[in-house]
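First comes the structure, then the notes that go with it.
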Amino acid sequence: MTFTAIDFETATAFHPCSVGIVTVENGIVVDEFVTLIQPPNNLYNPYTIQVHGIYPRDTARAKNFLQVFPEIQKRIQNRVVVAHNESFDRNVLAKSMVYYGLDYADLNIASKWECTVKIYKAKGLKPTKLSDCCRAMNIKLQHHEALSDARACAQLFLKQ
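Letter 86 of the sequence shown, counting from 1, is numbered 86 in the UniProt record's numbering, and no numbers are missing.
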């Protein structure tokens, strides 16, 4: 199995404040990447801070999405991309790219997304939150930490 798992944490709406990416080649993790991302004007919704614990002070000196994008692009372009609740992460990526004037179509991933929520729902697992799936599959998780979530998603996809 060769794919890339991705997880975004967001500051507001679709503006990411962190991304975790795990690259899997032939069933083996070969690369991991995580970084904080400064959202526009470094603005946060108080609710999102409660969810992931990332504060404006944490991203005050971080690169913005446009500056981080080359690292994201080289890990996901032309690949199968896996996310837990892929519509959320796909939306964050696509809308952030539009915001910064980047063309989502250039990534060549539009038809290559896989969703571990859908996979585990189809297997009859309920509920299908990432934490529930990880508990059921005995996968270690530090929930809402982007790299941990991406690692867990990769493991869920490998164990399907």
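A virtual CB, placed ideally from N, CA and C, is assigned to each residue, including glycine.
Task: Residues bridged to Ser18 (per DSSP) - done: DSSP, once it has assigned bridges, lists Glu9 and Leu36 as partnering Ser18.
- [ ] Go ahead and pull the three-state DSSP assignment for Glu71.
- [x] helix
TODO: Grab me the residues of Leu43's own chain with a C-beta within less than 7 angstroms of its C-beta, minus the 5 sequence neighbours each way, in chain order.
DONE: Ala11 and Thr12
TODO: Would you tell me roughly how many angstroms separate the C-alpha atoms of Asn45 and Ala154, rounded to the nearest one?
DONE: Taking the CA atoms as reference points, Asn45 sits about 28 angstroms from Ala154.
TODO: Helix, strand or coil for Val80, going by three-state DSSP, please let me know.
DONE: Val80 falls in the coil class under three-state DSSP.
TODO: Write down the C-beta distance between Gly53 and Ala146 rounded to the nearest angstrom, noting that I regard them as a contact closer than 8 angstroms.
DONE: About 11 angstroms separates the two Cβ atoms, so there is no contact after all.
Open item on the list: Suppose contacts are defined by Cβ-Cβ distances below 8 angstroms. Is Thr116 in contact with Val82 by that definition?
Closed with: A contact, by the Cβ cut-off of 8 angstroms.
Open item on the list: Beta-carbon within less than 7 angstroms of Asn64's beta-carbon, same chain only, minus the 5 sequence neighbours each way: which residues are those?
Closed with: Ile37 and Gln38
TODO: Reducing DSSP to helix, strand and coil, say where Asn26 ends up.
DONE: coil
Task: Through-space distance from Tyr104 to Asn91, alpha-carbon basis - done: 11 angstroms
- [ ] Would you give the residue range spanned by the alpha helix (DSSP H) that Glu145 belongs to?
- [x] Counting along the chain, Glu145 falls outside any alpha helix (DSSP H), and DSSP gives it neither H nor E.
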